[in-house]
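Some notes on the structure that comes next.
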Amino acid sequence: RTEFEDRDVDTLCPFCGVGCQTTAHVKDDKIISVDGRDGPANENRLCVKGRFGYDYIDHAGRLTKPLIRRDDAPKDWQAEMRDGDYSAVFREATWEEALERATGGLRAIRDEHGPFSMAGFGSAKGSNEEAYLFQKLVRTGFGSNNVDHCTRLCHASSVAALMETVGSGAVSAPFTAIDDAECAIVIGARPAQNHPVAATYFKRAAKRGTKLIIMDPRGQNLSRYASHSLQFKAGRDVALLNAMLYTIIEEELYDRQYVQANTEGFEELQERVKDYSPEEMEKVCGIEAAVIRDVARTYATARTSIIFWGMGISQHVHGTDNSRCLITLALITGQVGRPGTGLHPLRGQNNVQGASDAGLIPMFYPDYRSVETDEVRESIESFWGKPMDPKRGLTVVETINAIHDGQVKAMYIMGENPAMSDPDQNHARQALAKLEHLVVQDIFMTETAWHADVILPASAHAEKTGTFTNTNRQVQLARQVVPPPGEARQDWWITQALAQGIGLDWSYLHPKDVFAEMAQVMPSLNNITWDRLEREDSVTYPCDAPDEPGNEIIFVNGFPTTSGRGKIVPAKLIPPDELPDNDYPMVLTTGRMLEHWHTGAMTRRATALDMLEPEAVVMVNARDILRMGVEPGDYVQVQTRRGTILLKVRQDGDVPEGMLFIPFCFAEAAANVLTNPQLDPFGKIPEFKFCAARIEPV
Ligand code: SF4
Numbered sequence: 218r219t220e221f222e223d224r225d226v227d228t229l230c231p232f233c234g235v236g237c238q239t240t241a242h243v244k245d246d247k248i249i250s251v252d253g254r255d256g257p258a259n260e261n262r263l264c265v266k267g268r269f270g271y272d273y274i275d276h277a278g279r280l281t282k283p284l285i286r287r288d289d290a291p292k293d294w295q296a297e298m299r300d301g302d303y304s305a306v307f308r309e310a311t312w313e314e315a316l317e318r319a320t321g322g323l324r325a326i327r328d329e330h331g332p333f334s335m336a337g338f339g340s341a342k343g344s345n346e347e348a349y350l351f352q353k354l355v356r357t358g359f360g361s362n363n364v365d366h367c368t369r370l371c372h373a374s375s376v377a378a379l380m381e382t383v384g385s386g387a388v389s390a391p392f393t394a395i396d397d398a399e400c401a402i403v404i405g406a407r408p409a410q411n412h413p414v415a416a417t418y419f420k421r422a423a424k425r426g427t428k429l430i431i432m433d434p435r436g437q438n439l440s441r442y443a444s445h446s447l448q449f450k451a452g453r454d455v456a457l458l459n460a461m462l463y464t465i466i467e468e469e470l471y472d473r474q475y476v477q478a479n480t481e482g483f484e485e486l487q488e489r490v491k492d493y494s495p496e497e498m499e500k501v502c503g504i505e506a507a508v509i510r511d512v513a514r515t516y517a518t519a520r521t522s523i524i525f526w527g528m529g530i531s532q533h534v535h536g537t538d539n540s541r542c543l544i545t546l547a548l549i550t551g552q553v554g555r556p557g558t559g560l561h562p563l564r565g566q567n568n569v570q571g572a573s574d575a576g577l578i579p580m581f582y583p584d585y586r587s588v589e590t591d592e593v594r595e596s597i598e599s600f601w602g603k604p605m606d607p608k609r610g611l612t613v614v615e616t617i618n619a620i621h622d623g624q625v626k627a628m629y630i631m632g633e634n635p636a637m638s639d640p641d642q643n644h645a646r647q648a649l650a651k652l653e654h655l656v657v658q659d660i661f662m663t664e665t666a667w668h669a670d671v672i673l674p675a676s677a678h679a680e681k682t683g684t685f686t687n688t689n690r691q692v693q694l695a696r697q698v699v700p701p702p703g704e705a706r707q708d709w710w711i712t713q714a715l716a717q718g719i720g721l722d723w724s725y726l727h728p729k730d731v732f733a734e735m736a737q738v739m740p741s742l743n744n745i746t747w748d749r750l751e752r753e754d755s756v757t758y759p760c761d762a763p764d765e766p767g768n769e770i771i772f773v774n775g776f777p778t779t780s781g782r783g784k785i786v787p788a789k790l791i792p793p794d795e796l797p798d799n800d801y802p803m804v805l806t807t808g809r810m811l812e813h814w815h816t817g818a819m820t821r822r823a824t825a826l827d828m829l830e831p832e833a834v835v836m837v838n839a840r841d842i843l844r845m846g847v848e849p850g851d852y853v854q855v856q857t858r859r860g861t862i863l864l865k866v867r868q869d870g871d872v873p874e875g876m877l878f879i880p881f882c883f884a885e886a887a888a889n890v891l892t893n894p895q896l897d898p899f900g901k902i903p904e905f906k907f908c909a910a911r912i913e914p915v
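Take any residue in the sequence shown, note its place counting from 1, add 217, and you have its number in the UniProt record's numbering.
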């Protein structure tokens, strides 16, 4: 027996932003089962991933020793090498040698080419403490703000719109607020697949009488509980939402008093929406004018209405405009700041909220303070004791482009897999192969790790202790359940070792030391201490006192903007970047599936989940399958202007005619070979949800 003897450990699910609390049951240093706990976001519930997705940590492919690329090994990635024998490419090394090689390469490039030749991608799967240390290393050790993570690929446009309009990038109310809502809009989201435990609250609320309005180009099973289900044309969200705004203004359903007291920009909105009547917009969005008016009335006249949205809203070239429209709906109707109302972008990864709060983004220090504001920068410089760059850094896709341009030459990537998650994958992989020095810290030989010069074996979620912030702004403690395998080390320890190797004098002894430092520099953590989390497991921020649970509802008395008012920002109609044509007549959209999480690095190595969904599929409408002359289960070829993949066709009634849906978790038929890297100009998020494609039998 070790110190980790047979026992039960209270911790968290490692997958989505719901942040379900779990109890892991351990025998012989292995997790043998997982149960839900009575956490504020799950009340004992778990979905299939949380309950059965734990054994990926025991997978034979776990990295257990530091690896160094052999001098003569090519940097190209080869799919067939996944979890295979990598001894021809990498050799095992001691930690001492690997750290020296990693930091020697980083130091050499920084010293020769300067801070802007360096960049880092941290992870929304890591803890708050890991995110904080990672961005601090890049800012104080590399010397630039070139630090980002996968929030850029999911809700960056939502955060851009929220910061611009209401002054806070977090949700205004937890998803459990639906219990108090007379009406709830769920748009561009499929909670039953991607936030399954949250979906159980939505279903329960609908059964109790909440009018549930589902709006999405694809159908979904949550619609069975809906009062309205609107399958609008893909990429035409702004047309639909502007028509709702038109109706609310024309029929004087807005809250005049709230608008006058709490918002600015209403007059401009009145002018700008005049072109967007439901009768005009039905031709654009494909939803009848009468239905648009009915939905607008239902939302505006309910005593309490709340809006939830997902990446169907954010992952467009007009993603920021989509969010602006949703925020405007809430602002002009006063549906915010009260129980049962609010704005809730459903967060994807388990800690995308916390990683963003901790400053793992190129334009903000911790707590969303701009790197370009002199007073802010000077105060952080004095706290961290290092001068810092006054310009915002590169975002994820900009970093990839900057590698191609020769600007970025070295990277440190922790727990992210841009070789799978970035759009136009061939372009991304060519960039990673072009780096002069790449340090990857991960638990598996990911598609990104194949490009690395040094690979540092890290810890899985259950092998470390740290805090995580879920979609509801609940800061929660995850406890170490089992020891990491072999010579794998804790992520905070590895980041600190790299920091020390490039000249920073860090000496944290435990994640709690990091959290204590974060609390000094992040007012959002006021009254939240490590000891408190050890006792209470979860505290919501902002929290007004050490003995209060935190404020679930924010914007009760105005907004944290300069004027204290919510800013209404009208949106124009902007078409998707790449429309279907004769060569590519279909619309391709990508996303996740219930059984697999993001790029599949964890869930495809979890036995039960991999058995449920073992191979790559493209979901297609029955009519399109018939037209192709193939049968469900046959192999087909899907092609866009950026590449071609081969995979099986699955008939799916949720997918409208003319559309293809491909989950992005399958490395052997990677959806992101096909996707369009064109960015939303504000949030810098690629248009994963729309590009032109064709499908053919093989
Ligand atoms: Fe885990 Fe999310 Fe499922 Fe909860 S809903 S068990 S957090 S994947």
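Beta carbons: idealized from backbone N, C-alpha and C, even for Gly. Keep in mind that this is a model prediction, so the values were computed, not measured.
- LEU811: not part of any beta strand (DSSP E); DSSP gives it neither H nor E.
- Those residues placing their Cβ nearer than 5 Å to any heavy atom of ligand 1 are, following chain order, CYS230, PHE232, CYS233, VAL235, CYS237, LEU263, CYS264, LYS266, GLY267, PRO413 and VAL414.
- The beta carbon of GLY436 sits closer than 7 Å to the beta carbons of GLN448, GLY870 and ASP871 from its chain, once the five residues preceding and following it are set aside; these are given in chain order.
- With respect to the 8 Å criterion, ALA823 and ASP272 are classified as neighbours on the basis of their beta carbons.
- Going by beta carbons, PRO283 and THR311 fall inside the 8 Å limit.
- For TRP601, the enclosing alpha helix (DSSP H) covers residues 591-601.
- Under DSSP, THR857 forms a beta bridge with GLY860.
- According to the DSSP assignment, ASN893 belongs to the beta strand (DSSP E) that extends over 893-896.
- Judged by their CB atoms, ALA409 and ALA416 are nearer to each other than the 8 Å cut-off.
- In this structure, GLN856 places its C-beta atom within 8 Å of the C-beta atom of ARG911.
- Remark: C-beta atoms of ILE524 and ALA547 approach each other more closely than 8 Å.
- CA-to-CA, the gap between GLU734 and ASP584 works out to about 13 Å.
- Measuring C-alpha to C-alpha distances from ASP252 to each of CYS233, VAL226, GLU595 and HIS276 identifies VAL226 as the nearest.
- Spanning the alpha carbons of GLU329 and ARG369 requires a straight line of approximately 29 Å.
- Of the other Cβ atoms in all chains shown, 16 or more fall within 10 Å of the Cβ of ASP433; this residue is therefore buried.
- Here the alpha carbon of ALA387 sits roughly 25 Å from the alpha carbon of ALA513.
- Taking 8 Å as the cut-off, the Cβ atoms of GLU481 and ILE785 count as close.
- Look at HIS561 here: in three-state DSSP terms it is strand.
- Judged by DSSP secondary structure, GLY360 falls outside any beta strand (DSSP E); it is assigned neither H nor E.
- In the three-state DSSP reduction, CYS367 falls in the helix class (H, G or I).
- In this structure, ALA456 sits away from PHE899, with a CB-CB distance that is not shorter than 8 Å.
- Residue range 345-354 is occupied by the alpha helix (DSSP H) that includes GLU346.
- PRO903 and MET461 have their alpha carbons spaced roughly 26 Å apart.
- The C-beta distance from LEU563 to GLY234 rounds to 7 Å, short enough to meet the 8 Å contact threshold.
- When the beta-carbon positions are compared, ARG555 and THR518 stay at least 8 Å from each other.
- Around the CB of LYS424, fewer than 16 other CB atoms lie within 10 Å, so the residue is classed as exposed.
- Note that the C-beta distance between LYS906 and GLN532 is below 8 Å.
- Look at CYS542 here: in three-state DSSP terms it is helix.
- Shown here, LYS729 sits in a helix according to DSSP, grouped into three states.
- Distance check between ALA669 and each of ASN634, THR682 and ARG696 places ASN634 closest, using alpha-carbon atoms only.
- Judged by DSSP secondary structure, SER446 falls outside any alpha helix (DSSP H) and instead within the beta strand (DSSP E) spanning 445-447.
- Contact between the stretch 501-513 and the stretch 562-582 is not established, with fewer than three Cβ pairs separated by less than 8 Å.
- Residue state for PRO787 is assigned as coil, using DSSP reduced to three classes.
- DSSP places VAL657 in the strand class (E or B) of the three-state scheme.
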